[in-house]
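Structure, as structure tokens:
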Amino acid sequence: MARRPLGQDELLKISEHCAGKFLRSGETAPTVAELAEDSGLSERSFYRYFPTKEDSLRPLFDHGNRFYAQAIDEQPAGTDFLSALEAAFIVTLERGRDRVSVQIMDVVLKSPALRQIWLEASYQAFDLLRAPLARLLGSTPGSLETTVACGQAVVFMLSGLERMTIHGLDAGEAARAVAHATANLTEHHARRRPAGTAGKEPRP
1 MARRPLGQDE LLKISEHCAG KFLRSGETAP TVAELAEDSG LSERSFYRYF
51 PTKEDSLRPL FDHGNRFYAQ AIDEQPAGTD FLSALEAAFI VTLERGRDRV
101 SVQIMDVVLK SPALRQIWLE ASYQAFDLLR APLARLLGST PGSLETTVAC
151 GQAVVFMLSG LERMTIHGLD AGEAARAVAH ATANLTEHHA RRRPAGTAGK
201 EPRP
């Protein structure tokens, strides 16, 4: 009789075990055998779900992205875009389970292979973010406005996690810093570029 495939919650627990192993291993990346043993799997079963050892962290990243999208969707109607991202970031990162994500980011940022998995998960989060951001903006999920908003929401999360990991900020401090920088950047360039000039060559 074939074994039942592992569900989303089971894969998340395995991913958390693997994240813990990566953290405990420090500068030396754990082997697949070590990750499988820590997770209670055989190496064969491990490879059934994770093509590489770095892929074992993907369920943890996906979980954080799902909760981020949910937190955005729960923002009250009329909330402005940056305030919604700030609040959703704080809610997502202050959850107990997602502290593992923050702790593991130091390892992720130092590993090109792990960064690739993290960035792939972040890009695919666009599909999760479209509906809640379209609702927030009063737009449609497939519009360019919503697509740009998805990109900004992902960058907000990446930038905030970087501030927490590298600079030691808490979730609220990181969210406020990123929101402030984003608002300043937008305001500064809005003053410098007249409407309708995007993509045009400057006159000599």
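With UniProt numbering applied, the sequence shown corresponds to residues 1 to 204, in that order.
Beta carbons are placed, not taken as given, at the ideal position from N, Cα and C, and that holds for glycine.
Practice prompt. Could you check what DSSP says for S42 in three-state terms: helix, strand or coil?
Written response: coil
Item to complete: Have a look at L119 and G78 and give me their C-alpha separation to the nearest angstrom.
Response: 30 angstroms
Practice prompt. Return helix, strand or coil for E162, following the three-state DSSP convention.
Written response: helix
Fill in: Where Q75 falls: helix, strand or coil (DSSP)
coil
Discussion item. By the three-class DSSP mapping on this structure, what secondary structure does F81 have?
Written reply: helix
Fill in: Alpha-carbon to alpha-carbon, A36 and V107
19 angstroms
Worksheet item: Can you round the beta-carbon distance between L23 and I117 to whole angstroms, since I take them to be within the 8 angstroms contact cut?
Response: Contact doesn't hold; Cβ gap of about 16 angstroms is too wide.
Worksheet item: If you drop the 5 nearest sequence neighbours on each side, which residues of the same chain put their C-beta closer than 8 angstroms to that of A84?
Response: I72, Q75 and L136
Item to complete: Would you check if the distance between the CB atom of S56 and the CB atom of I14 is smaller than 8 angstroms?
Response: yes
Worksheet item: Do you know offhand how far A198's Cα is from T28's?
Response: Confidence at A198 is low in this model, with a pLDDT of 47, below 50, so the placement of that residue should be treated as unreliable; the coordinate-derived value is given next. Going by the C-alpha atoms only, they are around 47 angstroms apart.
Worksheet item: By how many angstroms is the C-alpha of H180 removed from the C-alpha of R130?
Response: 23 angstroms
Practice prompt. Return the residue from the list R66, S139, P30 and A171 that minimises the CA-CA distance to Y123.
Written response: R66
Item to complete: Can you give me the start and stop residues for the alpha helix (DSSP H) that L169 sits inside?
Response: Element bounds for L169: n/a, residue is neither H nor E.
Worksheet entry | Same chain, Cβ closer than 8 angstroms to E10, neighbours up to 5 away in sequence not counted | none
Worksheet item: Nearest-angstrom Cα distance between L109 and R115?
Response: 6 angstroms
Worksheet item: Just reading off the alpha helix (DSSP H) that L23 is part of, what are its end residues?
Response: Q8 to S25
Discussion item. Using C-beta distances below 7 angstroms, list every residue in its chain close to S139, excluding the 5 sequence neighbours before and after it, in chain order.
Written reply: E145 and T146
Item to complete: Locate the alpha helix (DSSP H) running through R130, then write down its first and last residues.
Response: F126 to L137
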